[in-house]
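If you're matching positions, the sequence shown starts at 573 in my numbering and goes up one per residue.
Just so you know, even glycine gets a beta-carbon here, dropped at the ideal spot from N, CA and C.
What you are looking at is a predicted structure, and each value in this text was computed from that prediction instead of being measured.
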Amino acid sequence: MIQLIRGFKDILPEESALWQHIENTARALFEDFGFREIHPPVLEKTELFKRSIGEDTDIVEKEMYTFADRNGDLITLRPEATASVVRSYIQHKMYAVDPIRKMYTIGPMFRRERPQKGRYRQFYQINAEVFGEASPYIDAQLIFMLVTLFSKLGVMDINAHINSLGCPECRPDFRKALSELLISRKEQLCEDCIRRSERNPLRVLDCKVPACREAVSEAPSIMDFLCPDCARHFDTVQAMLVKQGVRFELDKRLVRGLDYYTRTTFELQTGALGAQSAVAGGGRYDGLVKALGGPAHPAIGFAIGFDRLVEIVSQSQENLEKKPVIFIAALGEEGIQNGYIWANELCLAGVPTEADFSGKSLKSLMKRADRMGALFVLMVGESELKEGRVVLRDMKTKEQHAFPVDKLTETITNFLNR
Ligand code: ATP
Ligand code: MG
573 MIQLIRGFKD ILPEESALWQ HIENTARALF EDFGFREIHP PVLEKTELFK RSIGEDTDIV
633 EKEMYTFADR NGDLITLRPE ATASVVRSYI QHKMYAVDPI RKMYTIGPMF RRERPQKGRY
693 RQFYQINAEV FGEASPYIDA QLIFMLVTLF SKLGVMDINA HINSLGCPEC RPDFRKALSE
753 LLISRKEQLC EDCIRRSERN PLRVLDCKVP ACREAVSEAP SIMDFLCPDC ARHFDTVQAM
813 LVKQGVRFEL DKRLVRGLDY YTRTTFELQT GALGAQSAVA GGGRYDGLVK ALGGPAHPAI
873 GFAIGFDRLV EIVSQSQENL EKKPVIFIAA LGEEGIQNGY IWANELCLAG VPTEADFSGK
933 SLKSLMKRAD RMGALFVLMV GESELKEGRV VLRDMKTKEQ HAFPVDKLTE TITNFLNR
């Protein structure tokens with residue numbers, strides 16, 4: 573038997589109701605906040621991700637599914653969505669009429685990481701991005717929308733961490749101070765971080781190796797380096813979050829290693845997932861649109877780890893699996909023919925209906941209805957049909973109701989709505 577590829581997984585029919593519930597909740601909320609859906613392709617030129625995510629990152633260094641197309645072009649299965657959305661914003665000149673664009677996208681991402689619980693090689697993200705607006709109120713609103721989604725889904729065990737990364741004006745001073753500290757602690761750092769401490773010292777801050785964490789515990793805080801504009805921006809974000817009751821903590825370790833990431837950065841963490849605690853991350857990337865060849869428009873966005881969110885919600889949500897309201901137990905040729913027509917009518921009337929056309933005995937049909945958790949069984953037997961009626965059995969109370977076959981669908985929908 574051929575099995576699926578390591579690190580990949582099936583989302584099975586019995587899990588889908590929960591995925592749909594989360595997706596529908598996100599869509600409805602985002603649309604109300606003015607976001608519109610975009611569907612970029614999952615394959616893009618490798619160059620796009622190299623330039624936007626950065627050569628010096630784990631993703632580009634070792635996690636991308638990159639291969640040569642038949643004509644030799646290097647293409648990559650997207651490891652994240654932002655790069656594609658930015659490419660699309662630029663390519664379609666979405667800024668031409670109004671630079672402000674709010675977009676969201678939901679779909680699979682691919683990273684060749686070590687598979688483990690909460691970490692897959694194909695995983696799903698829910699992304700939202702806002703282009704063309706530099707105001708700190710947008711940062712606050714985006715974080716507000718994100719935490720609102722979690723609370724709408726009943727997720728309580730969630731912590732918002734926020735930080736500012738400054739801007740190209742003020743970050744270099746911080747970077748220098750950090751780099752000096754790290755070089756003085758060189759013998760404590762892991763091999764990667766020794767390399768990073770000169771090239772990209774900010775990335776040492778989020779290294780998970782305990783010795784490196786220890787080494788950076790006395791690292792300077794970027795808060796002491798922010799220029800007046802960045803400080804004001806970050807103050808406003810925090811003030812607006814406080815005003816709306818969004819709880820958060822300042823986290824000086826929260827960083828992004830790339831130059832076009834600016835100012836506000838944030839992450840939602842949960843205790844419900846063990847080691848894989850990050851369930852969403854985001855921030856400003858005011859320099860990226862320009863870096864990818866577009867106009868100098870600011871932008872901010874987030875990505876939710878959909879798989880991890882499903883895992884958290886499933887811990888508190890009762891089973892959402894859909895069950896038929898009516899199960900039609902059709903008996904005999906006559907019963908099957910009539911049952912077939914009524915099944916389609918009921919489905920069209922919005923009553924979830926399952927019909928069994930196998931011609932099996934009433935006993936085995938009742939067993940199947942029970943197994944499926946049907947609320948009612950409509951028994952369509954030949955002798956009842958001759959008398960112009962059918963019997964609807966309430967599977968919980970065991971009550972039975974006889975209904976005339978004439979206008980049956982209408983009678984049943986009225987009965988269900990009573
Ligand atoms: P982590 O620190 O867990 O590796 P990350 O910083 O690589 O996360 P981002 O690139 O910010 O993650 O992606 C946003 C979200 O996508 C993460 O917070 C996480 O919930 C989810 N995510 C990232 N990688 C995976 C994966 N391999 N499998 C499942 N979910 C993932
Ligand atoms: Mg990662």
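Bridge partners - residue i, DSSP secondary structure assignment
i: G855; result: T837 and G873
i: T981; result: Beta-bridge pairing links T981 to no other residue.
i: R965; result: V949 and Q972
i: N731; result: Q841
i: L903; result: Answer is none; L903 lacks a bridge partner.
i: Y637; result: L649
i: A850; result: Q841
i: L620; result: Answer by DSSP bridge pairing: none, since L620 is not bridged.
i: R608; result: M675
i: Q688; result: R691
i: L822; result: I734
Spatial distance of residue i from residue j (CA atoms)
i: F703; j: V882; result: 28 Å
i: R990; j: E705; result: 51 Å
i: A901; j: R683; result: 48 Å
i: L813; j: F874; result: 16 Å
i: P792; j: I872; result: 26 Å
i: D796; j: S756; result: 20 Å
i: V962; j: G904; result: 14 Å
i: I884; j: A847; result: 13 Å
i: A749; j: L860; result: 25 Å
i: D831; j: R768; result: 14 Å
i: K932; j: K939; result: 11 Å
i: S656; j: K862; result: 14 Å
i: L980; j: P896; result: 18 Å
i: Q972; j: D966; result: 6 Å
i: S660; j: A783; result: 42 Å
i: F605; j: V949; result: 43 Å
i: R642; j: P613; result: 18 Å
i: E685; j: G738; result: 30 Å
Any non-hydrogen atom of ligand 1 closer than 8 Å to residue i Cβ
i: V702; result: no
i: M681; result: yes
i: D879; result: yes
i: Y692; result: yes
i: G853; result: yes
i: E685; result: yes
i: I730; result: no
i: I876; result: yes
i: A927; result: no
i: A850; result: yes
i: E1008; result: Here the chain comprises residues numbered 573 to 990, so residue 1008 is not present and cannot be evaluated.
i: F695; result: yes
i: E999; result: There is no way to answer for residue 999, as the model of the chain reaches only from 573 to 990.
i: E839; result: yes
Exposed unless 16 or more other CB atoms sit within 10 angstroms - verdict on residue i
i: I876; result: buried
i: I577; result: exposed
i: V632; result: buried
i: D711; result: buried
i: E603; result: exposed
i: I672; result: exposed
i: L590; result: buried
i: L822; result: exposed
i: P976; result: exposed
i: H869; result: buried
i: H664; result: exposed
i: S955; result: exposed
i: L584; result: exposed
i: D858; result: buried
i: H611; result: exposed
Residue i CB to nearest heavy atom of ligand 2 below 8 Å
i: E633; result: no
i: D764; result: no
i: D630; result: yes
Boundaries of the alpha helix (DSSP H) in which residue i is found, first to last residue
i: L813; result: P800 to K815
i: H593; result: P585 to D604
i: D928; result: Where D928 is concerned, there is no enclosing alpha helix (DSSP H), although the beta strand (DSSP E) it sits in stretches over T925 to D928.
i: K958; result: E954 to K958
i: L937; result: L934 to M944
i: E1070; result: With the chain represented from 573 up to 990, any question about residue 1070 goes unanswered, as that position is not in the structure.
i: L718; result: P708 to K724
Cβ of residue i within 9 Å of any chain C Cβ
i: V809; result: Of the chains in the structure shown, none is chain C; there is only one protein chain.
Residue interval of the beta strand (DSSP E) (run including residue i)
i: L646; result: L646 to L649
i: K617; result: L615 to K617
i: V702; result: Q694 to F703
i: I682; result: The question names Ile, but residue 682 in the sequence shown is Phe. First-last of the beta strand (DSSP E) with F682: R673 to F682.
i: E763; result: Not the beta strand (DSSP E): E763 falls in the alpha helix (DSSP H), residues E763 to R771.
Proximity test, residue i beta-carbon vs ligand 4 heavy atom, cut-off 8 Å
i: A655; result: Looking at this structure, you won't find ligand 4 anywhere; what it does contain is ligand 1 and ligand 2.
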